[in-house]
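**Q** Be aware that the sequence shown starts at 28, since it is given in this note's numbering, and climbs by one per residue. All C-beta atoms in this analysis are idealised placements derived from N, C-alpha and C, irrespective of residue type, glycine included. These numbers come from a predicted model, not from an experiment.
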Amino acid sequence: MTILVTGGAGFIGSNFVLDWLDVSDEPIINLDLLTYAGNRQNLAALEGDSRHVFVRGDIGDTELVARLLEEHRPRAVVNFAAESHVDRSILGPEEFIQTNIVGTFRLLEAVRGYWNDLPEGDREDFRFLHVSTDEVYGTLSPDEPAFTEQHRYEPNSPYSASKAASDHLVRSYLHTYGLPVLTTNCSNNYGPYHFPEKLIPLVIHNALAGKALPIYGDGQQVRDWLYVKDHCSAIRRVLQDGRTGETYNVGGWNEKPNLEVVETLCAILDERQPREDGRSYAEQITFVKDRPGHDRRYAIDASKIERELGWCPEETFETGIRKTVDWYLDNQVWVENVTSGAYRDWVEAQYA
Ligand code: NAD
Ligand code: TYD
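Structure below.
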């Protein structure tokens, strides 16, 4: 048995691949285009491990995907591949439409062709698991209940709109063609291998570099944070026992305003690696122009996955965030490598 993972060199995908091969010997075919967000160094621990086959390529390359499916005959496909950063989607939405919508469509087409030709029993057992986001539900006011799976889709950024479109395509392949699909909608992840364009790794990186810690608007926007390894265990649970055609919300029951997250990071860094001048990293906090169309609050109601599949997160925000800071302190070479070259151009364009 084998599974095909797409986007397995990115933040969540590489954590998923590493964790999967930690807890099982089932091989993984890892298809990743290695965009700026994909990094083979994340998978360095699997060098020479025959259970991991890495293929550089595009989920939108139907011929390549069809060939990989024929060759390796996976029992499941887990689709992480996407353009994933809201700010980039605001500066340049085109790539998001290409990968998240057209790419997912082409991937589904290739999978449908393969699945159609499988023997009866294998067709039933096959799964296409689509990894999506809570951002498809739009924004919540402070008193509204958290997003359930029944919440209507109201995406507000080109990123979330393109993910919403991909979720709808996945759903349509079940209803029209009978493809056994599953969808997970998860809240904000954090942890090892997180590219330092997103809030938590950016703040750790900038703090240590003596740079400003940019807070958009008033910093009171709320996100629900989940340690990435908990997301990976949720995906494994859903893949194993999720009911075909269902969607599962995944979250950490950890709602925090951005400013509080940044202050927490500063306090942990003050303790772990104090500034040479003895002052707090919090002095580097700088309020900057707000993100256009900035969603005010996300919150996930994760009771369905807990009730039906017995999944709940292992980490609290307090334990997960400490592990994350420690990982970044211990992996400065990784940070240096990913923040060279094109990363600098991005930071200049975004925070100019
Ligand atoms: P990421 O940007 O770190 O990684 C995306 C990976 O996909 C990269 O390795 C990239 O090279 C690859 N990729 C991009 N376009 C591709 C293409 N056309 N073909 C093949 N590979 C391609 O993203 P992430 O944070 O790891 O997110 C993974 C998935 O989880 C995404 O679908 C995202 O929408 C979803 N998600 C992310 C979060 C989060 O907080 N990061 C939360 C919920 C859901
Ligand atoms: P981000 O990590 O980009 O994730 P998302 O937009 O998908 O939630 O941002 C998390 C929150 O932090 C979001 O409300 C935007 C905010 N933010 C800042 O205030 N400053 C920053 O420099 C960045 C990157 C994000």
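Distance, Cα to Cα, tyrosine 164 vs alanine 192?
**A** Taking the first residue of the sequence shown as 1, we reach residue 164 at position 137. Taking the first residue of the sequence shown as 1, we reach residue 192 at position 165. Taking the straight line joining both Cα atoms gives about 12 Å.
**Q** Return helix, strand or coil for alanine 103, following the three-state DSSP convention.
**A** Position 76 of the sequence shown holds residue 103. In the structure shown, alanine 103 sits in a strand (DSSP, three-state: E or B).
**Q** Kindly indicate the opening and closing residues of the alpha helix (DSSP H) around serine 330.
**A** As a working mapping, residue 330 is identified with position 303 in the sequence shown. From DSSP, the alpha helix (DSSP H) with serine 330 extends over 330-336.
**Q** Round the Cβ separation of threonine 271 and leucine 209 to the nearest angstrom and send it over; I've been treating them as touching at under 8 Å.
**A** Along the sequence shown, read from residue 1 onward, the residue named residue 271 stands at position 244. Along the sequence shown, read from residue 1 onward, the residue named residue 209 stands at position 182. Between leucine 209 and threonine 271 the Cβ distance is about 7 Å, and since that is below 8 Å, they are a contact.
**Q** Measuring from the CB of leucine 253, is there a heavy atom of ligand 2 at a distance below 7 Å?
**A** Position 226 of the sequence shown holds residue 253. Leucine 253: no, Cβ never under 7 Å from ligand 2.
**Q** Less than 7 Å separating the Cβ of lysine 190 from some heavy atom of ligand 2?
**A** The residue labelled residue 190 in the question sits at position 163 within the sequence shown. The answer is no for lysine 190.
**Q** First and last residue of the alpha helix (DSSP H) that includes threonine 346?
**A** Taking the sequence shown and counting its residues from 1, one reaches residue 346 at position 319. Its alpha helix (DSSP H) spans residues 344-357.
**Q** Is leucine 118 a contact residue of ligand 2, with contact defined as CB to any heavy atom under 7 Å?
**A** Your numbering for residue 118 matches position 91 in the sequence shown. No, the Cβ of leucine 118 stays beyond 7 Å of every heavy atom of ligand 2.
**Q** If you count every other CB in all the chains shown that lies within 10 Å of the CB of asparagine 66, and 16 or more means buried, which is it?
**A** As a working mapping, residue 66 is identified with position 39 in the sequence shown. Buried: at least 16 other Cβ atoms inside 10 Å.
**Q** So, are the CB atoms of alanine 239 and cysteine 293 less than 8 Å apart?
**A** Counting from one through the sequence shown, the residue named residue 239 turns up at place 212. Counting from one through the sequence shown, the residue named residue 293 turns up at place 266. No, they are not a contact pair.
**Q** Going by C-alpha to C-alpha distance, which of Tyr243, Leu95, Leu266 and Val288 sits closest to leucine 253?
**A** Counting from one through the sequence shown, the residue named residue 253 turns up at place 226. Considering only alpha carbons, the answer is Val288.
**Q** Taking only runs that begin and end inside the stretch 165-189, name each unbroken alpha helix (DSSP H) of 4 or more residues, in chain order.
**A** none
**Q** With a threshold of 7 Å, establish whether the CB of histidine 232 neighbours any heavy atom of ligand 2.
**A** Within the sequence shown, numbered from 1, the residue matching residue 232 stands at position 205. A distance criterion of 7 Å places the beta-carbon of histidine 232 beyond contact range of ligand 2, judged by its closest non-hydrogen atom.
**Q** How many angstroms separate the CA atom of phenylalanine 153 from the CA atom of serine 199?
**A** Residue mapping note: residue 153 aligns to position 126 of the sequence shown, counting from 1. Residue mapping note: residue 199 aligns to position 172 of the sequence shown, counting from 1. Distance between the alpha carbons of phenylalanine 153 and serine 199: 17 Å.
**Q** How big is the Cα-Cα spacing for aspartate 88 and glycine 130?
**A** Locating residue 88 in the sequence shown gives position 61, where the first residue counts as 1. Locating residue 130 in the sequence shown gives position 103, where the first residue counts as 1. Taking the straight line joining both Cα atoms gives about 8 Å.
**Q** Are there 16 or more other CB atoms within 10 angstroms of the CB of proline 146, so buried, or fewer, so exposed?
**A** As a position in the sequence shown, residue 146 is number 119, starting the count at 1. Burial call: exposed.
**Q** Output yes or no for whether 8 Å exceeds the beta carbon distance between phenylalanine 107 and glycine 37.
**A** Your numbering for residue 107 matches position 80 in the sequence shown. Your numbering for residue 37 matches position 10 in the sequence shown. Taking 8 Å as the Cβ cut-off, phenylalanine 107 and glycine 37 qualify as a contacting pair.
**Q** Of all the options Asp76, Gly75 and Val249, which has the alpha carbon lying nearest to the alpha carbon of tryptophan 280?
**A** Position 253 of the sequence shown, counted from the start, is the residue given in the question as residue 280. Ranking Asp76, Gly75 and Val249 by Cα distance to tryptophan 280 puts Val249 first.
**Q** Among the residues of its own chain, which have a CB less than 8 Å from the CB of alanine 93, if the five just before and after it don't count?
**A** For the purposes of this step, residue 93 is taken as residue 66 along the sequence shown, with counting starting at 1. Cβ within range, chain order: Ala137, Gly140 and Tyr141.
**Q** Buried or exposed: aspartate 14, going by 16 or more other Cβ atoms within 10 Å of its Cβ?
**A** Given that the chain is displayed from residue 28 to residue 379, the structure contains no residue 14 and the question cannot be resolved.
**Q** Among Arg264, Gly34, Ser168 and Arg150, which residue has its Cα nearest to the Cα of leucine 60?
**A** As a working mapping, residue 60 is identified with position 33 in the sequence shown. Leucine 60 has its Cα closest to that of Gly34, out of Arg264, Gly34, Ser168 and Arg150.
**Q** Could you spell out where the alpha helix (DSSP H) holding asparagine 42 opens and where it closes?
**A** Indexing the sequence shown from 1 puts residue 42 at position 15. Per DSSP, asparagine 42 belongs to the alpha helix (DSSP H) from 38-50.
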